[in-house]
Each structure stands twice: as C-alpha cells, then as structure tokens.
Amino acid sequence: MKNGKTIGMIIFVAGLIILIGYGLYQGFENLTIEKIDAVVAIGIGAVIIGLIVLFVSIVIEQQKGKKKMKEEIKKEDLEP
Numbered sequence: 002m003k004n005g006k007t008i009g010m011i012i013f014v015a016g017l018i019i020l021i022g023y024g025l026y027q028g029f030e031n032l033t034i035e036k037i038d039a040v041v042a043i044g045i046g047a048v049i050i051g052l053i054v055l056f057v058s059i060v061i062e063q064q065k066g067k068k069k070m071k072e073e074i075k076k077e078d079l080e081p
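FYI, in our numbering the residues of the sequence shown are 2 to 81.
Below, the structure is given as structure tokens:
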C-alpha cells in the first residue's frame, strides 16, 4: 500500500502548493468567502482528497499488519 500513501501525499502537497501559491499571487486581502475562485476550490479539493487517501491507506495498512501479526503468533502463546 505504499502507492496509496505516495499518491495521497502527492495530492495533499500539490493542493497545499496551489493554495499557498495562489494566496501569494492574489494577496490575502483579496480572498474573501463570498468570492471563491476555481483555483482555490481545486486547491481545497486536492487537500481534502489527499488527506482522505492518506487516512484510508494508513487504515488498510494497519489492518494488514494486525492480520499478519495474528498469523505469526502461535496459538500456544495466546492461551493462559
């Protein structure tokens, strides 16, 4: 699942770069809630999608790790 983490991190960082770059380009005083440009919407979307992909890949990796750990532990070790 390394690909999931890599893709999620790339999308997340790309979204942050878009938002920071556009904020510097326009100036923070020009960005208001009433006026959300397409670039800001794309940047926010990329950040959210990147975070979701990261969280999902981490959860899947943890579940695989639990399953592998249970298989490696002998039954005798689990009994009191």
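We put the CB at the ideal spot given by N, CA and C, even for glycine.
Terminal residues of the alpha helix (DSSP H) in which residue i lies
i: G9; result: K3 to Q27
Beta-carbon proximity of residue i to residue j, cut-off 8 Å
i: I43; j: I19; result: yes
i: G16; j: L55; result: no
i: I12; j: G66; result: no
i: Y23; j: V41; result: yes
Between the CA atoms of residue j and residue i - distance to the nearest angstrom
i: I21; j: N4; result: 26 Å
i: K68; j: I59; result: 14 Å
i: G28; j: A47; result: 21 Å
i: E62; j: K6; result: 10 Å
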